[in-house]
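Just below is one structure, and these are the notes that go with it.
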Amino acid sequence: MTNAFQYVNENGGIDSEAAYPYDQTCRYNASGMAAQCKGYKEIPVGNERVLAVALYKVGPVSVGIDAQQSSFQFYKHGVYYDPNCNKDDVNHAVLAVGYGVNTKGKKYWIVKNSWGEEWGNKGYILMAHNRGNVCGITNLASYPIV
399 MTNAFQYVNE NGGIDSEAAY PYDQTCRYNA SGMAAQCKGY KEIPVGNERV LAVALYKVGP
459 VSVGIDAQQS SFQFYKHGVY YDPNCNKDDV NHAVLAVGYG VNTKGKKYWI VKNSWGEEWG
519 NKGYILMAHN RGNVCGITNL ASYPIV
């Protein structure tokens with residue numbers, strides 16, 4: 399994920415979606431710039447406390463996870479935890495947007511996926527928090543400095 403932030407930094411910014419729709423070929427033009435990136439901050443691997451602090455103080459954090467399990471791919475509701483999820487095989491980028499605790503006392507991360515609103519709970523998943531870095535959620539966590 400840090401490669402993306404580095405690209406935006408080196409190019410002086412990133413186009414808005416209106417100036418550069420997602421479904422087109424690469425044609426970056428600085429005149430459509432919507433934001434700039436001065437750098438990025440990485441969350442220490444395995445440190446869920448630092449991820450929570452970043453979400454509270456900064457906002458959404460880009461994270462990488464293992465999304466290969468069918469239990470993840472067909473997730474619909476509840477706090478997701480699959481012991482087969484491999485924290486050392488991060489293969490999918492998502493966005494951690496918050497955290498919470500359910501009525502049963504289970505802590506979770508609120509994570510937005512890129513697979514559309516038909517996936518999961520309207521495009522989101524609640525992933526277990528403080529369960530040993532489930533699916534590697536802190537292995538490739540970072541956010542831009544804007």
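In my numbering, the protein residues as written are 399 to 544. For every residue, glycine included, the Cβ atom is placed at its ideal position computed from N, Cα and C. Quantities reported herein were computed from a predicted structural model and do not represent experimental measurements.
Helix, strand or coil: how does DSSP classify residue i here?
{"i": "A428", "result": "helix"}
{"i": "N528", "result": "coil"}
{"i": "S414", "result": "coil"}
{"i": "N516", "result": "It should be noted that the sequence gives Glu, not Asn, for residue 516. Three-state result, E516: coil."}
{"i": "Y478", "result": "strand"}
{"i": "G437", "result": "strand"}
{"i": "Y541", "result": "strand"}
{"i": "G548", "result": "Shown here, the chain extends from 399 to 544; a query on residue 548 therefore has no answer."}
{"i": "V492", "result": "strand"}
Only counting the same chain, and skipping five residues up and downstream in sequence, which positions put a Cβ closer than 7 Å to that of residue i?
{"i": "C533", "result": "I463, D464, C483, K485, M525"}
Starting from residue i, follow its DSSP beta bridges and name the residues at the other end.
{"i": "W507", "result": "Y497, M525"}
Since residue i is in the alpha helix (DSSP H), which residue starts that stretch and which ends it?
{"i": "V456", "result": "Run containing V456: none; DSSP gives neither H nor E here."}
{"i": "Q404", "result": "400 to 408"}
{"i": "F470", "result": "468 to 471"}
Give me, in chain order, the residues of the same chain whose beta-carbon lies closer than 8 Å to that of residue i; leave out the 5 immediate sequence neighbours on both sides.
{"i": "T536", "result": "I441, P442, V443, G444, N445, E446, V448, L449, V461"}
Leaving out five residues on either side along the sequence, give the residues of the same chain with a beta carbon under 6 Å from the beta carbon of residue i.
{"i": "Y475", "result": "The residue asked about is misnamed: residue 475 is His in this sequence, not Tyr. Cβ neighbours of H475 beyond the five flanking positions: N519."}
{"i": "V509", "result": "V492, A494, I523, M525"}
{"i": "H490", "result": "I463, A465"}
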